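The numbering used here applies: residue 7 is where the sequence shown begins, and numbers increase by one.
Contents: one structure, followed by commentary.
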Amino acid sequence: MTVTDERPTVEVAEHQRLVTLKIRRYDPEVGPEATWQEFQVPVEKGDRLLDALHHVKWYIDGSLSFRRSCAHGVCGSDAMRINGVNRLSCKVLVKDLGEVITIEPIKGLTVLKDLIVDMDPFFEAFKSIKPFLITNGNAPTRERLQSAEDRARFDDSTKCIMCAACTTSCPVFWNDEAYFGPQAIVMAHRFIFDSRDEGADERLEILNEKEGVWRCRTTFNCTDACPRGIQVTKAIQEVKRALIFRKV
Ligand code: SF4
Ligand code: FES
7 MTVTDERPTV EVAEHQRLVT LKIRRYDPEV GPEATWQEFQ VPVEKGDRLL
57 DALHHVKWYI DGSLSFRRSC AHGVCGSDAM RINGVNRLSC KVLVKDLGEV
107 ITIEPIKGLT VLKDLIVDMD PFFEAFKSIK PFLITNGNAP TRERLQSAED
157 RARFDDSTKC IMCAACTTSC PVFWNDEAYF GPQAIVMAHR FIFDSRDEGA
207 DERLEILNEK EGVWRCRTTF NCTDACPRGI QVTKAIQEVK RALIFRKV
């Protein structure tokens, strides 16, 4: 079957269908404004959006720029705004997205080119909450033991793959890049509630600041966006409660 468009003819095999990818393009070397560009892409039943984007890049327009690595929902590099919602392109099936699919970069971070944003503010927020085990005194001579119950206390927040889908779906972050954002708070939660860690007060003090946890307006966008199913808003609420009820 051959389907024609005003653009070049697209060959579509019997087991394929055509979808339109409407992609927000930006190249600072071409012009100061972003523009929308449409691509007709043949897809198969089990194709993910990442497969369709690869088709554009490999067979239609090699200048299309986007991040991806593992292609299996592990590395967190391909978060983008798909039909207005933050998703990982490697985890969403084209068949669930309709005939015309809009694809934009995640919001709130500076766009460098096409779907690639500057992740520096996101990683700075992550680093600022000290995402590592803090202990006092001498290094132990054996493994630090932890009960199954204590490990379960922060299990959900260990699942984060740092894709930024949560932080860049937050209206507070859209208006203020200095806000720590949901991901940094989830990562703080992972250590604050770890029974082996002794840096909880330090982290809580950091998150008590102007751009910290109190800026959260509990919109739940972050929880809805998380591809790992982390209860992001719940984690933020638990950190707020820890601040309210801490002993100092
Ligand atoms: S909490 Fe979820 S949405 Fe946020 S960075 Fe981690 S994996 Fe991505
Ligand atoms: S490419 Fe690694 S999570 Fe999608």
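Note that the Cβ used here is the ideal one computed from N, Cα and C, for glycine as well.
Just so we're clear, the structure is a prediction, and the values are computed from it rather than from any experiment.
Closer than 7 Å: residue i CB and nearest the ligand FES heavy atom
i    : result
L94  : yes
R87  : no
C176 : no
R74  : yes
S83  : yes
V80  : yes
Cβ-based neighbour list, residue i, same chain, cut-off 8 Å, excluding 5 preceding and 5 following
i    : result
T173 : G114, F128, A131, F179, G187, P188, Q189, A190, C228
I140 : F197, D203, E204, G205, E208
Q22  : P48, V49, E50
P177 : R223, T225, N227
L103 : V25, L55, I88, N89
Near the ligand SF4: residue i beta-carbon under 7 Å from a heavy atom
i    : result
P188 : yes
Q48  : Checking the displayed sequence, the identity of residue 48 turns out to be Pro instead of Gln. No, the ligand SF4 has no heavy atom inside 7 Å of this Cβ.
A77  : no
A171 : yes
I167 : yes
V91  : no
C232 : yes
V238 : yes
V245 : no
V192 : yes
Option nearest residue i by Cα separation, candidates the options
i    : options                : result
K246 : T224, P48, I236        : T224
A77  : A40, A170, L94, S153   : L94
L27  : V192, S163, L210, T108 : T108
S175 : T164, Q152, V238, D161 : V238
D156 : E149, V62, S201        : S201
K165 : R234, D126, S153       : R234
A184 : A154, M168, E217       : E217
Q43  : I212, G143, V62        : V62
I29  : A40, V36, E20          : A40
D182 : Q243, I212, T116       : T116
M86  : C169, R221, G52        : C169
Test item: CB-CB of residue i and residue j under 8 Å
i    : j    : result
P111 : V123 : yes
C96  : R54  : yes
L121 : F72  : yes
R74  : D67  : no
I135 : A194 : yes
A58  : V100 : yes
F199 : F160 : yes
D162 : A241 : yes
L210 : L151 : no
Cβ-based neighbour list, residue i, same chain, cut-off 7 Å, excluding 5 preceding and 5 following
i    : result
V9   : In this prediction, V9 has a pLDDT of 46, which is less than 50 and means its spatial position is unreliable; nothing more can be read from the coordinates.
I236 : D162, S163, K165, C166, V192
R221 : V178, Y185
Contacts around residue i, its chain only, beta-carbon distance under 6 Å, and the 5 residues preceding and following it disregarded
i    : result
D33  : K119
E149 : none
Whole beta strand (DSSP E) elements within the stretch 74-108, 3-residue minimum: 85-88, 91-94
Mind pulling the alpha helix (DSSP H) runs of 4 or more residues that sit fully within the stretch 153-180? Uninterrupted alpha helix (DSSP H) stretches at least 4 residues long and entirely within the stretch 153-180 occur at 154-158, given in chain order.
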